[in-house]
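For the sequence shown, position 190 (counting from the first letter as 1) is numbered 189 according to numbering that gives the first Met the number 0, and the numbering increases by one without interruption.
Cβ atoms here follow ideal geometry from the backbone N, Cα and C, with glycine treated the same way.
Note that the structure is predicted; figures quoted are calculated from it, not measured.
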Amino acid sequence: MATMRAFSALLLLTVTVVLMASGDGNYQKIPVSDVTKPSDGLLNVGTTDDDFNYLVLMVLSNGNFCPGKGSVSEARHTFAGDSITYTDYYFLQPNKGYTFELWEGSSAPLAEDGAILGNDLNGDERWGVVCHTEAGDVPGKAREDRAWCDIDDTEVGTDEFSFVVVVPALMASGYENYQKISVSDLRNPSGGLLKVGTTDDDFNYLVLMVLSNGNFCPGKGNGNEARHTFAGDSITYTDYYFLQPNKGYKFELWDSSSAPLEEDGAILGIDLNGEERWGVVCHTEAGNVPGKAREDRAWCDIGDTEVGTNEFSFVVVVPDSA
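This is how it looks when you write it as structure tokens:
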């Protein structure tokens, strides 16, 4: 299952929605008329060069709500081969304490999972998804086994897609094994925290940062700030959490040849693009650096630059049997 989130304060009008919405309590619907400039907290799930990277809910000509792609000025719905432009639609914003994840398209999420659901012009149920295409990731709609999106004003169908679900912000494996301590409550890090780095600077703590879209993601931190890397850039955050094993637990470093299972006590988060990331230690020429990883590749900040490596260890919090 692919794929773990400061939300902007936007005025939300009370609306009555015909949406068949699983997970509707997990997010808000914000009319396009109230959003002059989309913010980081909205469901920005696309990666194309145009600005239609937001998953939105359009009010169709028959009154149904249906997922599709949108920008700040219009949205695109596809049906029966055609692409239709709508100007009456809603941006979606996870509620406080929630974020979005991308779930692989092999199995449709259940209603209680937090899926974005609507109905098409023909009344059929449609999930909000990201279509993985040669043009990039494009917000769209899907039935359980097939998805559609707009590319260059044309309807494109694909079997390569991921469901968008809105879930509690931290669905962390091993969460019962450790506590999160806000940096605002701990300006002077002490023993017992996950200090896993060995570099000359003081960014040797593995932390969970609250990213600009509300996701929690692992990275390195000190008593004042934390560093997150994404798409080659290094980004500084001041809203983050130190991690401390609970009584009777300790941290271990596991070889990167096999990602730890959820029940093993891994430190898990979700990146800006909705993909799952493990908390790791990157073994670099500069020393051991806290960072993030997918199963086979890790990234960390060195000298305000994102560095990728295949030499890393997973950080897990396990019972202390000593």
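For glycine 218, the three-state secondary structure derived from DSSP is strand.
Annotation: the segment 108-161 contains no complete segment of the alpha helix (DSSP H) (minimum length 4 residues). Spanning the alpha carbons of proline 318 and glycine 191 requires a straight line of approximately 14 Å. In this structure, DSSP gives valine 195 a state outside helix and strand, which the three-state scheme calls coil. Around the C-beta of lysine 68, 16 or more other C-beta atoms lie within 10 Å, and the residue is accordingly described as buried. With contacts defined by Cβ atoms closer than 9 Å, asparagine 214 and threonine 46 do not form a contacting pair.
C-alpha of asparagine 94 to C-alpha of glycine 24: approximately 8 Å in a straight line. Note that the C-beta distance between valine 315 and aspartate 263 is below 9 Å. Shown here, aspartate 232 sits in a strand according to DSSP, grouped into three states. If you check the CB distance, serine 82 and threonine 153 come in under 9 Å. Alanine 265 is bridged by DSSP to Val315. If you ignore the 5 residues before and after lysine 194, its C-beta comes within less than 6 Å of the C-beta of Asn203, Tyr204, all in its own chain and listed in chain order. Excluding residues up to 5 positions away in sequence, Ala258 lie with their Cβ nearer than 6 Å to the Cβ of glutamate 294 in the same chain. For proline 30, the enclosing beta strand (DSSP E) stretches over residues 26-30.
Rounded to the nearest angstrom, the Cβ distance from phenylalanine 90 to isoleucine 150 is 21 Å, too far for a contact under 8 Å. In this structure, tryptophan 126 sits near isoleucine 115, with a CB-CB distance shorter than 9 Å. Nearest to phenylalanine 313 by C-alpha distance, out of Pro217, Asp144, Leu59, Lys179, is Pro217. Ranked by Cα distance from lysine 249, the first of Ser256, Leu260, Ile266, Ile234 is Ile266. Judged by their CB atoms, leucine 59 and aspartate 119 are nearer to each other than the 9 Å cut-off.
Check the Cα spacing between glycine 62 and each of Asn43, Asp50, Tyr85, Ala79: the tightest is with Tyr85. Note on geometry: alpha-carbon atoms of phenylalanine 311 and cysteine 65 lie some 43 Å from one another.
Between alanine 225 and the set His131, Met208, Asn212, the nearest pair of CA atoms involves Met208. Across the set Val163, Gly80, Gly278, the C-alpha of Val163 shows the shortest separation from the C-alpha of glycine 117.
The criterion of a C-beta distance shorter than 9 Å is not satisfied by aspartate 49 and serine 32. The Cβ neighbour count for threonine 77, taken over all protein chains shown within 10 Å, is at least 16; the residue is labelled buried. Judged by their CB atoms, lysine 291 and tyrosine 240 are not nearer to each other than the 9 Å cut-off.
Counting along the chain, the unbroken beta strand (DSSP E) around valine 209 starts and ends at 204-209. The Cβ atoms of threonine 228 and aspartate 300 lie closer than 9 Å to each other.
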